[in-house]
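K.L.:
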Amino acid sequence: MNSVSEPIYVERDGVWVEASIRTYSYSSRTGNRFTVQYRDNGRLETDVVAQRVRSVAEAKAAGIEVSEFDLSTQAGIEQMLAAHNEWRSPHNLPDLVWSETLANHAQTWAERLAAQERVEHNTSDDYGENIAKSSNLVLSPTAVVNLWGNEIQDYDYGTNRCQPGKVCGHYTQIVWRDTEKVGCGMVRKDNGWEVWVCNYDPPGNYRGQRPY
3 MNSVSEPIYV ERDGVWVEAS IRTYSYSSRT GNRFTVQYRD NGRLETDVVA
53 QRVRSVAEAK AAGIEVSEFD LSTQAGIEQM LAAHNEWRSP HNLPDLVWSE
103 TLANHAQTWA ERLAAQERVE HNTSDDYGEN IAKSSNLVLS PTAVVNLWGN
153 EIQDYDYGTN RCQPGKVCGH YTQIVWRDTE KVGCGMVRKD NGWEVWVCNY
203 DPPGNYRGQR PY
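Structure (structure tokens):
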């Protein structure tokens, strides 16, 4: 558990909370000491002793409620799907359902992007697509969707446009009324570079149309 940006759980005020390792040190006198960044408020805490730190595997084994950090399990898939539907719910939109066909398609594209460490859209199909990339922070499915969903602050429903100089198309795809299915894939490399791809069917973001 010595990888910078590795997701961990830290005991803070008697509660286990999600964080990332920023730096660490070791001495024979004090053992491992960590600088961590909490994911809920972004704050750093230094000189955190090892007794307050658990890896994701250790947290799961101890019965601590933890996030998923990939899509290799049903729990990760359910987290990704739930995160999408939480953004749709305030607009009374139908829940999306998971599509393995879309997930396989997204995984193939994610692997291609990861191999070259670049981000670009797949223009060879008729699916909607959202992409997220990180090179210094391990993301969870919920965190990925919230990156896109938080673009709501840059979307003007009245004009059906993004704020000047801003991006909001990831958000509008999530809440596109006619979209019914979603499937996602991701790749995380040993150097910390990771990419997440979600495909949507039917696609959204038709010019001149509002999402809902």
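In the working numbering, the protein residues as written are 3 to 214.
Even glycine gets a Cβ: it sits at the ideal position worked out from N, Cα and C.
Nothing here was measured: the structure is a model prediction, and the numbers come from that model.
Using 10 angstroms around the beta-carbon of LEU46, count the other beta-carbons present and answer buried if the total reaches 16, otherwise exposed.
P.N.:
By the 10 Å Cβ count, LEU46 comes out exposed.
K.L.:
Have a look at VAL19, GLY185 and ASN193 and flag the residue whose alpha-carbon is nearest the alpha-carbon of ALA105.
P.N.:
Selected option, being the one with the closest Cα: GLY185.
K.L.:
Please report the straight-line C-alpha distance between LYS62 and ALA21, rounded to a whole angstrom.
P.N.:
In a straight line, the C-alpha of LYS62 is about 15 Å away from that of ALA21.
K.L.:
Which residue comes first and which comes last in the beta strand (DSSP E) that contains ASN34?
P.N.:
From DSSP, the beta strand (DSSP E) with ASN34 extends over 33 to 40.
K.L.:
Between which two residues does the alpha helix (DSSP H) holding LYS62 run?
P.N.:
Start and end: 58 to 63.
K.L.:
Out of ASN162, TRP198, TYR11 and GLU131, which has the shortest C-alpha to C-alpha gap to GLU67?
P.N.:
Of the listed residues, the one whose Cα sits closest to GLU67 is TYR11.
K.L.:
Which stretch, first to last residue, makes up the alpha helix (DSSP H) that contains ARG90?
P.N.:
That run of the alpha helix (DSSP H) goes 76 to 90.
K.L.:
Please state the DSSP three-state secondary structure of ASN4.
P.N.:
Reliability fails at ASN4, whose pLDDT of 49 lies under 50, so the model's placement of it is uncertain and the value that follows must be treated cautiously. In the structure shown, ASN4 sits in coil (DSSP, three-state: anything other than H, G, I, E or B).
K.L.:
Taking the continuous alpha helix (DSSP H) assigned at THR110, which residues delimit it?
P.N.:
Taken as a continuous stretch (DSSP letters only), the alpha helix (DSSP H) holding THR110 covers 102 to 118.
K.L.:
Taking 8 Å as the threshold, find out whether the segment 89 to 100 comes into contact with the segment 127 to 145 through three or more Cβ pairs.
P.N.:
Contact between the segment 89 to 100 and the segment 127 to 145 is absent, because fewer than three Cβ pairs lie under 8 Å.
K.L.:
Helix, strand or coil for PRO9? Go by DSSP, reduced to three states.
P.N.:
Three-state result, PRO9: strand.
K.L.:
Going residue by residue through the segment 126 to 177, where are the continuous alpha helix (DSSP H) segments of at least 4 residues, counting only ones entirely within it?
P.N.:
Runs found: 143 to 151 and 171 to 176.
K.L.:
Grab the span of the beta strand (DSSP E) containing ALA21 for me, first residue to last.
P.N.:
ALA21 -> beta strand (DSSP E) spans 17 to 29.
K.L.:
Taking the straight line between their C-alpha atoms, what separation do you get for ASN4 and ARG209?
P.N.:
For ASN4, the pLDDT reaches just 49, beneath the cut-off of 50, and the residue's location in the model is therefore unreliable, leaving the point undetermined.
K.L.:
Please check the pair ILE133 and TRP195, which I expect to be a contact at CB under 8 Å, by giving their CB distance rounded to whole angstroms.
P.N.:
The pair is not a contact, with the Cβ atoms about 13 Å apart (cut-off 8 Å).
K.L.:
Mapping the DSSP letters down to three states, classify ARG54 as helix, strand or coil.
P.N.:
Helix.
K.L.:
Could you tell me how far apart the beta carbons of MET82 and PRO143 are, in whole angstroms, since I believe they sit closer than 8 Å?
P.N.:
The pair is a contact, with the Cβ atoms about 4 Å apart (cut-off 8 Å).
K.L.:
Roughly how many angstroms separate the alpha carbons of SER74 and ARG163, rounded to a whole number?
P.N.:
For SER74 and ARG163, the distance between alpha carbons rounds to 36 Å.
K.L.:
Taking all protein chains shown into account, do 16 or more other C-beta atoms lie within 10 angstroms of the C-beta of GLU122, making it buried, or fewer, making it exposed?
P.N.:
GLU122 is exposed by the Cβ-count criterion.
K.L.:
Rounded to the nearest angstrom, how far is the Cβ of ALA85 from that of ASN148, given a contact under 8 Å?
P.N.:
About 7 Å separates the two Cβ atoms, so the contact holds.
K.L.:
Tell me GLU196's beta-bridge partners as DSSP assigns them.
P.N.:
Its beta-bridge partners are SER136 and ARG190.
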